Amino acid sequence: MKVAVVGGGISGLVSAYVLTKQGANVVLYEKQGCLGGHSKTVRFDGIDLDLGLMVFNRVSFHLFSNFLMLLATQHSRFRR
1 MKVAVVGGGI SGLVSAYVLT KQGANVVLYE KQGCLGGHSK TVRFDGIDLD LGLMVFNRVS
61 FHLFSNFLML LATQHSRFRR
């Protein structure tokens, strides 16, 4: 199955990841020069500032946390 995912924010990245794991041939389209959507690090006066997610609360925290833990099991860079 071929799937196009539009947007490289957290939702697009998770969608592309899950679809790929399910065997889909995924192409991710992002108009910006980097991935992450609202989540990114910007430099201001020599200081790195982490800009966060638009919605990060009790409802969404476990979903994001579970996704990060899933990545941690597959990529040694994220292991504890």
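According to full-length UniProt numbering, the sequence shown holds residues 1 to 80 in order.
Built from N, CA and C at the ideal position, the CB exists for glycine as well.
Since we're looking at a predicted model, the values are computed, not measured.
Residue 98 (DSSP reduced to helix, strand or coil)
It is not possible to answer for residue 98, since the shown part of the chain is limited to 1 through 80.
Given Val27 as reference, the closest of Cys34, Gly33, Leu19 once Cα atoms are compared:
If you number the sequence shown from 1, residue 27 lands on position 27. Of Cys34, Gly33, Leu19, the residue nearest in Cα terms is Leu19.
In this structure, does DSSP put Leu51 in helix, strand or coil?
Counted from its first residue, the sequence shown places residue 51 at position 51. Here Leu51 sits in strand by DSSP.
Relative to the C-alpha of Leu63, which candidate in Ser11, Ser39, Val6 has its C-alpha closest?
Counted from its first residue, the sequence shown places residue 63 at position 63. Considering only alpha carbons, the answer is Ser11.
Within 10 Å of its beta-carbon, does Arg80 have 16 or more other beta-carbons around it, so buried, or fewer, so exposed?
Position 80 of the sequence shown, counting from 1, holds the residue named residue 80. Note on Arg80: pLDDT 44, under 50, position unreliable in the model; no value is reported.
Using the Cβ count rule (16 or more neighbours within 10 Å means buried), how would you classify Ala16?
The residue given as residue 16 occupies position 16 in the sequence shown. Result: buried.
Is DSSP giving residue 83 helix, strand or coil here?
Only positions 1 to 80 of the chain appear in this structure, which leaves residue 83 out of reach.
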